[in-house]
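Residue numbers (our numbering): 3 to 224.
Cβ atoms here follow ideal geometry from the backbone N, Cα and C, with glycine treated the same way.
All values derive from a computational prediction rather than experimental measurement.
What follows is a single structure, written as structure tokens, with notes after it.
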Ligand code: DX5
Ligand code: ZN
């Protein structure tokens with residue numbers, strides 16, 4: 003089983019973005035997690051295309067773009083052109099989710115759907131075979147540094163049941179309040195991709211924290 007660590011650049015120092023990107027490049031991290039917030043779908047505004055372009059210029063690892071925006075269809079093409087490798091949209095933001103998933107794939111990107119804490123996994127039943135990734139939000143989206151919601155473990159289990167025999171290669175990604183204290187338990191529950199912002203960037207040694215997270219998922223340390 004391959005486990006993926008995806009540091010969220012939302013928690014990076016934007017005055018020293020190049021330095022933080024370089025740290026991730028040199029680290030054991032697998033992806034860059036890029037959180038785009040529009041101030042409508044979530045009560046916060048993060049950044050858009052110019053920052054994505056800056057990350058793309060220096061990043062040597064895939065960009066995992068998490069769109070916390072309404073009407074994502076309007077921008078999918080531009081995010082793909084801007085360097086996204088994966089695009090994840092929110093179930094709650096898509097009236098025509100099937101169409102949105104097809105748009106992401108047609109743009110050449112891998113397709114993901116994110117679920118807010120209140121959204122049950124079984125609502126994905128009719129699109130699950132089309133997806134590359136499901137992102138289970140373990141906090142309410144909008145901000146870094148929030149407290150992990152415990153019901154996430156049950157949702158991971160529900161998702162494992164849903165993909166059985168249908169799409170067993172689907173990546174189960176967890177986002178929000180993930181850190182050294184819960185990553186091993188999340189991996190045993192069945193998650194295989196882990197977003198972390200605060201746990202990495204607020205630690206004394208981000209690269210070492212990434213390395214520890216990686217080790218905990220692969221079971222080398224506990
Ligand atoms: C929250 C974002 C997350 C956030 C995670 O809305 O989707 O990716 O950066 O931050 P932490 O790891 O600090 O909870
Ligand atoms: Zn995110």
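### Proximity to residue 120 [Cα-Cα], best of 200, 105 and 154
Nearest C-alpha to residue 120: 154.
#### Entry: Cα-Cα separation, residue 194 to residue 17
Put simply, the backbone Cα of residue 194 is about 31 Å away from that of residue 17.
### Message
Please classify residue 184 as buried or exposed, where buried requires at least 16 neighbouring CB atoms within 10 angstroms.
### Response
Counting Cβ neighbours within 10 Å, residue 184 comes out buried, since at least 16 surround it.
### N- and C-terminal bounds of the alpha helix (DSSP H) containing residue 81
Secondary structure note for residue 81: its alpha helix (DSSP H) is the uninterrupted segment 78 to 83.
### Query
Alpha carbon to alpha carbon, what distance is there between residue 67 and residue 73?
Going by the C-alpha atoms only, they are around 15 Å apart.
### Query
Whose CA, out of 3, 75, 30 and 82, lies closest to the CA of residue 36?
Answer by Cα proximity: 82.
### Query
Say the cut is 8 Å; is the CB of residue 160 nearer than that to a heavy atom of the ligand ZN?
Remark: the shortest separation between the CB of residue 160 and any heavy atom of the ligand ZN does not fall under 8 Å.
### Task
To the nearest angstrom, report how far apart residue 26 and residue 5 are at their CA atoms.
Answer to the nearest angstrom: the Cα atoms are 16 Å apart.
### Task
Excluding the 5 residues preceding and the 5 following residue 44 in the sequence, name in chain order all residues of the same chain whose CB lies nearer than 7 Å to its CB.
So the qualifying residues of the chain are 70, 143 and 144.
### Query
Under a Cβ-count criterion, where at least 16 other Cβ atoms within 10 Å of its own Cβ denotes burial, should residue 167 be classed as buried or exposed?
Classification for residue 167: exposed.
#### Entry: Reduced DSSP category for residue 48 - H, G, I as helix; E, B as strand; rest coil
In the structure shown, residue 48 sits in coil (DSSP, three-state: anything other than H, G, I, E or B).
### Alpha-carbon to alpha-carbon, residue 211 and residue 28
So the two alpha carbons sit approximately 13 Å from each other.
### Query
How is the alpha helix (DSSP H) around residue 163 delimited, first residue to last?
Segment 154 to 165, the alpha helix (DSSP H) holding residue 163.
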